[in-house]
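Residue numbers (the working numbering): 888 to 1226.
In structure tokens, the structure reads:
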């Protein structure tokens, strides 16, 4: 029985900088990477502010303090002045210094803001770390309650700050519970584990079917690295063919992944084979044997022959059920690792 569910993920907020994904509680100073959450420190939900705001407030306060110091110095000059001319000179000097300082500060405001933000992040490093650990606890609670959609969305946000293997595997565990569609906001490169994992290969199989453009160089490198393990899977040929097809998007990748492409050339879709023919023709001057291999494959295709595979090609049908050998998902307690 297929226990996968149809879900719709919340849209990910795009930010220019990573720190913009952090929020700080204006009441107790706690941090979180999650949205619509009660503060773990004070329980408030409406007191969150994005991280630039505290830095902007600190930079603004520093500017006011500096101008106040200049004003105090000007006032001291007025107090010690012995004539109206000296009073006027002290006041004029103070106003000129304040105006000049304000102009210079405005010109260097982006630099001042970045410097203030860097100091804030360094000072608040431990608080931010504690906030992220609390976020992990919330995601784990949702996972234990089998609310996989909520758990995945939380781990997805946490993953921006903690892109380590345990978080990736927990996200894969959640994604394995969903029916994936081409209209979903999916990720792939950020899920690549640091070892061979059948949950990832099953997910890669689905992505290759519904959103092959997500297969980029890191995913192809993973497939090449664990090719022998993937070939032993019942759906391994389909994954390797998808990776070979993805390698044809960039001309230089054809030479880098030449072995994979040629081994699975007979399983490439017609559109990918045509793309391969064009690339091979462009490289024919330096690599004539490549063009010859491609032309032979095209001839077999047009002749209607059904090859068993390339020279070291696949031995399994690409239409095999990806769940047949995956063995289900690992238990939660085997995945859970803490910082």
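Glycine is no exception: its CB is placed at the ideal position from the N, C-alpha and C atoms.
Determine the direct distance from the alpha carbon of residue 1033 to that of residue 1077, and round the result to whole angstroms.
Answer to the nearest angstrom: the Cα atoms are 23 Å apart.
Under 8 Å by Cβ, that's how I've got residue 1047 and residue 908 pegged, so tell me the actual separation to the nearest angstrom.
That pair is a contact at about 6 Å.
Just checking, does the segment 958-969 make contact with the segment 925-944 on the three C-beta pairs under 8 Å criterion?
No, because fewer than three Cβ pairs between the segment 958-969 and the segment 925-944 fall closer than 8 Å, the two stretches do not touch.
Under a Cβ-count criterion, where at least 16 other Cβ atoms within 10 Å of its own Cβ denotes burial, should residue 1051 be classed as buried or exposed?
The residue in question, residue 1051, is exposed, as its Cβ has fewer than 16 Cβ neighbours within 10 Å.
Any idea what DSSP makes of residue 1060, helix, strand or coil?
In this structure, residue 1060 counts as helix in the three-state DSSP scheme.
Which residues does DSSP pair with residue 1048 in a beta bridge?
DSSP output for residue 1048 lists no bridge partner at all.
Once the 5 residues before and after residue 946 are set aside, which same chain residues still bring their CB inside 7 Å of it?
For residue 946, where only same-chain residues beyond five positions count, the Cβ hits under 7 Å are 999, 1000, 1003.
Counting beta carbon pairs with one atom in the segment 968-986 and one in the segment 920-939, are three or more of them shorter than 8 Å?
No, the segment 920-939 is not in contact with the segment 968-986.
Could you please give me the residues that DSSP links to residue 1065 through a beta bridge?
For residue 1065, which the question treats as bridged, DSSP gives the partners 892.
Buried or exposed for residue 1189, going by 16 or more other Cβ atoms inside 10 Å?
Flag for residue 1189 reads exposed.
If residue 1123 sits next to residue 1086, beta carbons under 8 Å apart, how far is it from one beta carbon to the other, in whole angstroms?
Residue 1123 to residue 1086, Cβ: 15 Å. No contact.
Relative to the C-alpha of residue 1021, which residue among 1182, 1072, 920 is closest?
Among 1182, 1072, 920, the Cα nearest to that of residue 1021 is on 920.
If you draw a straight line from the C-alpha of residue 1041 to the C-alpha of residue 895, how long is it?
In a straight line, the C-alpha of residue 1041 is about 14 Å away from that of residue 895.
When the distance is taken between beta carbons, is residue 1185 closer than 8 Å to residue 1166?
No, the Cβ-Cβ distance between residue 1166 and residue 1185 is not below 8 Å.
On a Cα-Cα basis, can you pick out the residue from 922, 948, 1035 that is closest to residue 936?
Of the listed residues, the one whose Cα sits closest to residue 936 is 922.
Please report how far the alpha carbon of residue 890 lies from the alpha carbon of residue 1057, in whole angstroms.
The alpha-carbon atoms of residue 890 and residue 1057 are separated by roughly 18 Å.
May I ask you to report which of helix, strand or coil DSSP gives residue 897?
In this structure, residue 897 counts as coil in the three-state DSSP scheme.
Just confirm the distance between the C-beta atoms of residue 1130 and residue 1106, as a whole number of angstroms; I'd bet it's less than 8 Å.
Between residue 1106 and residue 1130 the Cβ distance is about 7 Å, and since that is below 8 Å, they are a contact.
Could you tell me the alpha carbon to alpha carbon distance between residue 1118 and residue 1025, rounded to whole angstroms?
One C-alpha to the other measures close to 38 Å.
May I have the straight-line CA-CA distance separating residue 1111 from residue 1008, to the nearest angstrom?
Approximately 39 Å between the Cα atoms of the pair.
Using beta-carbon positions only, say whether residue 1065 and residue 892 come within less than 8 Å of one another.
The answer is yes: Cβ separation under 8 Å.
Report the CB separation of residue 978 from residue 989 in whole angstroms; it is logged as a contact under 8 Å.
Residue 978 to residue 989, Cβ: 17 Å. No contact.
Could you pull out every residue in the same chain whose Cβ sits closer than 8 Å to the Cβ of residue 905, ignoring the five residues on either side in sequence?
Within the same chain, residue 905 has close Cβ partners 1047, 1048.
For residue 1183, count the other beta carbons within 10 Å of its own beta carbon; 16 or more makes it buried, fewer makes it exposed. Which is it?
Answer is exposed; the Cβ neighbour count stays below 16.
Threshold first: 3 residues or longer. Then list the beta strand (DSSP E) segments lying entirely within the segment 898-923, N to C.
The segment 898-923 contains these whole beta strand (DSSP E) runs: 910-912.
Return yes when the Cβ of residue 1059 is within less than 8 Å of the Cβ of residue 1093, no when it is not.
Not in contact: residue 1093 and residue 1059 (Cβ atoms no closer than 8 Å).
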